[in-house]
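The block underneath contains the structure these notes are about, expressed in structure tokens.
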Amino acid sequence: MARWFPEALAAAFAAFFILLGLAPVSREVWWAEVIPVLVVFVSLVVAARRFRFSNLAYALMAVWLFLHTIGGHYTFANVPFGFVTELFGFSRNHFDRMAHFTVGFYAFPLAEYLWRRRLAHPAVIAVFALTMIMAVACAYEIIEWWYAAAEGGQAGIEFLGSQGDVWDAQKDMLADTLGAVAAVALFWTVRRRLPVEPDRAGVYRHDR
Numbered sequence: 001m002a003r004w005f006p007e008a009l010a011a012a013f014a015a016f017f018i019l020l021g022l023a024p025v026s027r028e029v030w031w032a033e034v035i036p037v038l039v040v041f042v043s044l045v046v047a048a049r050r051f052r053f054s055n056l057a058y059a060l061m062a063v064w065l066f067l068h069t070i071g072g073h074y075t076f077a078n079v080p081f082g083f084v085t086e087l088f089g090f091s092r093n094h095f096d097r098m099a100h101f102t103v104g105f106y107a108f109p110l111a112e113y114l115w116r117r118r119l120a121h122p123a124v125i126a127v128f129a130l131t132m133i134m135a136v137a138c139a140y141e142i143i144e145w146w147y148a149a150a151e152g153g154q155a156g157i158e159f160l161g162s163q164g165d166v167w168d169a170q171k172d173m174l175a176d177t178l179g180a181v182a183a184v185a186l187f188w189t190v191r192r193r194l195p196v197e198p199d200r201a202g203v204y205r206h207d208r
């Protein structure tokens, strides 16, 4: 099962994606939300022919794919997440923040790739993976703002998903960053269990 885990996970997600794409709440919002999902998913499928991540990396990346697809189906502000909102007394639906947190999980596969290719010291890798997620988070918030302004209607508002919070963009970026911190910490813990390519002398060695 471990050997076929990525393939099984990809098949499960493909079926899940098709199912939720049949009748989304807003078709316009659906396509706006799932474009990055499709880009990431297809990129991973194609890249698997040349580089196969660990099962842990694939599992972490899949979390965001599933959550973002759910958000695209319902629109993030309207995902049935009321039980959590009521349990903690929140004033808004925080499903989007949870999804943003899982964006940070992509710091793990990024760090894993650099580590296994022996491209940098692990400390440099950790910092680079964290800052890359922060940069992507910032770029995505700019894209959200651009789309909402260009669309100018309800679909743009739903895509933006601020739910009246003037600090929504900053909080989303913080959630992305915290997820990346968690992912980098996990990478640091398990990095020595990940295979690395041999150096020029043909020796398999882990840097400190």
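Each residue of the sequence shown is one higher than the one before, counting from 1 in this note's numbering. Ideal placement from N, C-alpha and C gives every residue a C-beta, glycine not left out. Please read all numbers here as calculations on a predicted model, not as lab measurements.
Measuring C-alpha to C-alpha distances from R118 to each of W31, L194, T75 identifies L194 as the nearest. In this chain, the alpha helix (DSSP H) harbouring L114 covers 107-116. Excluding five sequence positions before and after G82, the CB atoms of its chain that fall closer than 8 Å to its own CB belong to N93, given in chain order. F16 carries a helical assignment under DSSP once its states are collapsed to helix, strand and coil.
Counting along the chain, P36 sits inside the alpha helix (DSSP H) bounded by residues 27-47. With fewer than 16 other beta carbons inside 10 angstroms of its own, W167 counts as exposed. Here F51 is exposed: its Cβ has fewer than 16 other Cβ atoms, across all protein chains shown, within 10 Å. For the 8 Å CB-CB criterion, F5 and N55 form a contact. Taking a 10 Å sphere around the C-beta of I35, we find fewer than 16 other C-beta atoms and assign the residue as exposed. In the DSSP annotation of this structure, the continuous segment of the alpha helix (DSSP H) that includes F128 starts and ends at 122-151.
As the crow flies, the alpha-carbon of E28 is around 15 Å from that of A149.
The beta carbon of F108 is closer than 7 Å to those of A57, L60, A183, L186, F187 in its chain, skipping five residues each way along the sequence. Inter-residue distance for F128 and L44 is about 20 Å (C-alpha atoms, whole angstroms).
It is roughly 27 Å from the alpha-carbon of R192 to the alpha-carbon of V40. Straight-line spacing of the CA atoms in W31 and F16 works out to 15 Å.
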